[in-house]
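Protein chains in written order, with the working numbering: chain A, 30 to 239; chain B, 46 to 236.
We treat Cβ as the ideally placed atom computed from N, Cα and C, and that holds for glycine.
This structure is a prediction, so every number in the text was calculated from the model and none was measured.
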């Protein structure tokens, strides 16, 4: 089988620069500053990085002044449909509580800007999560798993979303925020708008696929 | 979206995936990995069956970033580093043999290897301190499992090296073998 990669068209130096940038954004915990790698700093080379990432279903995610990689939205949806990489139900419940308290409510009350990274949420005390109907033992076990996977972080002030949130694509971040609105205020005007947008999107998708 | 693209993403998401049943499927996956600057590495799945994980082409492995870039990488505590060192020693009894997949060790073996370091450095520990040490060791094992340096918890409770170890380069493993005697041993700390 003969295959041609965009990497094969590059000089050895350019190829090494592209792969160094890809290795960094695929493995770093925090956004990689664009100025640190030529292949991220220069737009034409950044395009090559995007093309190489796309071969494995990945995309370049801009976060502040840096970059990380994430799953392409259609790939992420298909993985989730197959149950690959899906969190346990109790972990999802605890994470939802934390994101509501740490990001969604502070954003709604304008204590943090709407465009602030998710990993810069307000710290939440562990006891606050235990005001919920989720049993304490389940919360503690879920928090351990979520912290080990870097989905949440535990600092001296409390708990907040972790570094994995920096890998969300814009569409994935909007999707999560919309789900939080639908959960917190299902009959509010914002929830109606979201349902309307989704219904319109669904109708247009079915027209395209028909 | 080509199917090989999805399959590569799936391997990444799973960490370790089963080897495709048909030869053509495996070849197209290897070709796609090559186009992405990656390679498929043969590993053992948690069920002991052959699996594949996504590695880097030789020479393209992530390099250790220097200051100040090192701050963007996951920081690992000393207790996690020591735990990994003890697990390597206990799961790799003969450095003349391949490091991966190595053998299985008991948690007791690994903890005894770490005890050797403690008794050399800090003498006997009190019961409260002992509880803290035990909890810190359990936490270190969880972190190593989450990062695939160790296999996810098996039902038999034994410790085995994980797929991330299979990605180490021959030169890294040779360096480790040269310093094998510095790894904490269950027979009394680093020998």
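Rounding to the nearest angstrom, what Cα-Cα distance links residue i and residue j in this structure?
i: residue 176 of chain A; j: residue 38 of chain A; result: 41 Å
i: residue 98 of chain A; j: residue 199 of chain A; result: 12 Å
i: residue 151 of chain A; j: residue 203 of chain A; result: 19 Å
i: residue 215 of chain B; j: residue 222 of chain A; result: 57 Å
i: residue 107 of chain B; j: residue 58 of chain B; result: 19 Å
i: residue 101 of chain A; j: residue 148 of chain A; result: 20 Å
i: residue 145 of chain B; j: residue 89 of chain B; result: 9 Å
i: residue 174 of chain A; j: residue 40 of chain A; result: 43 Å
i: residue 72 of chain A; j: residue 143 of chain A; result: 27 Å
i: residue 122 of chain B; j: residue 187 of chain B; result: 13 Å
i: residue 161 of chain A; j: residue 109 of chain A; result: 27 Å
i: residue 111 of chain A; j: residue 89 of chain A; result: 24 Å
i: residue 56 of chain B; j: residue 100 of chain B; result: 10 Å
i: residue 91 of chain A; j: residue 158 of chain B; result: 44 Å
i: residue 85 of chain B; j: residue 72 of chain B; result: 10 Å
i: residue 225 of chain B; j: residue 76 of chain A; result: 44 Å
i: residue 128 of chain B; j: residue 43 of chain A; result: 39 Å
i: residue 224 of chain A; j: residue 125 of chain A; result: 20 Å
i: residue 51 of chain A; j: residue 117 of chain B; result: 14 Å
i: residue 141 of chain B; j: residue 222 of chain B; result: 8 Å
i: residue 121 of chain A; j: residue 202 of chain B; result: 26 Å
i: residue 181 of chain A; j: residue 193 of chain A; result: 8 Å
i: residue 218 of chain B; j: residue 137 of chain B; result: 11 Å
i: residue 115 of chain A; j: residue 175 of chain B; result: 36 Å
i: residue 218 of chain A; j: residue 113 of chain A; result: 34 Å
State the CB to CB distance for the pair residue i and residue j, rounded to an integer number of angstroms; the pair is presumed to be in contact (CB under 8 Å).
i: residue 58 of chain A; j: residue 119 of chain B; result: 4 Å
i: residue 103 of chain A; j: residue 83 of chain B; result: The pair is not a contact, with the Cβ atoms about 20 Å apart (cut-off 8 Å).
i: residue 95 of chain A; j: residue 146 of chain A; result: That pair is no contact at about 11 Å.
i: residue 79 of chain B; j: residue 34 of chain A; result: 7 Å
i: residue 81 of chain A; j: residue 77 of chain B; result: Not confirmed; about 11 Å, so no contact.
i: residue 204 of chain B; j: residue 152 of chain B; result: 6 Å
i: residue 133 of chain A; j: residue 206 of chain A; result: 7 Å
i: residue 60 of chain B; j: residue 208 of chain B; result: 6 Å
i: residue 158 of chain A; j: residue 128 of chain A; result: Actually they do not touch by this definition, with Cβ atoms about 11 Å apart.
i: residue 240 of chain A; j: residue 172 of chain A; result: The displayed coordinates of chain A run from 30 to 239. Any statement about residue 240 of chain A would go beyond what the structure contains.
i: residue 147 of chain B; j: residue 206 of chain B; result: 5 Å
i: residue 185 of chain B; j: residue 125 of chain B; result: 5 Å
Return the bridge partner residues of residue i from the DSSP annotation.
i: residue 101 of chain B; result: B:83
i: residue 182 of chain A; result: A:189
i: residue 63 of chain B; result: B:96
i: residue 204 of chain B; result: B:150
i: residue 87 of chain A; result: A:100
i: residue 95 of chain A; result: A:62 and A:92
i: residue 89 of chain B; result: B:95
i: residue 195 of chain B; result: B:206
i: residue 153 of chain A; result: A:188
At a Cβ threshold of 8 Å, is residue i touching chain B?
i: residue 110 of chain A; result: no
i: residue 58 of chain A; result: yes
i: residue 74 of chain A; result: no
i: residue 177 of chain A; result: yes
i: residue 92 of chain A; result: no
i: residue 36 of chain A; result: yes
i: residue 30 of chain A; result: Because the pLDDT at residue 30 of chain A is just 48, under 50, the model does not fix this residue reliably, and the point stays unresolved.
i: residue 173 of chain A; result: yes
Determine, for residue i, whether the minimum Cβ-Cβ distance to residues of chain A falls below 8 Å.
i: residue 122 of chain B; result: no
i: residue 80 of chain B; result: yes
i: residue 187 of chain B; result: yes
i: residue 148 of chain B; result: no
i: residue 105 of chain B; result: yes
i: residue 213 of chain B; result: no
i: residue 225 of chain B; result: no
i: residue 98 of chain B; result: no
i: residue 117 of chain B; result: yes
i: residue 68 of chain B; result: no
i: residue 71 of chain B; result: no
i: residue 57 of chain B; result: yes
i: residue 83 of chain B; result: yes
i: residue 51 of chain B; result: yes
i: residue 137 of chain B; result: no
Within 10 Å of its beta-carbon, does residue i have 16 or more other beta-carbons around it, so buried, or fewer, so exposed?
i: residue 69 of chain A; result: buried
i: residue 232 of chain B; result: exposed
i: residue 52 of chain B; result: buried
i: residue 154 of chain B; result: buried
i: residue 143 of chain B; result: exposed
i: residue 98 of chain B; result: buried
i: residue 196 of chain B; result: buried
i: residue 105 of chain A; result: buried
i: residue 190 of chain A; result: buried
i: residue 46 of chain A; result: buried
i: residue 55 of chain A; result: buried
i: residue 78 of chain A; result: buried
i: residue 30 of chain A; result: At residue 30 of chain A the pLDDT is 48, less than 50, meaning the model places this residue with poor confidence and gives no usable figure here.
i: residue 74 of chain B; result: buried
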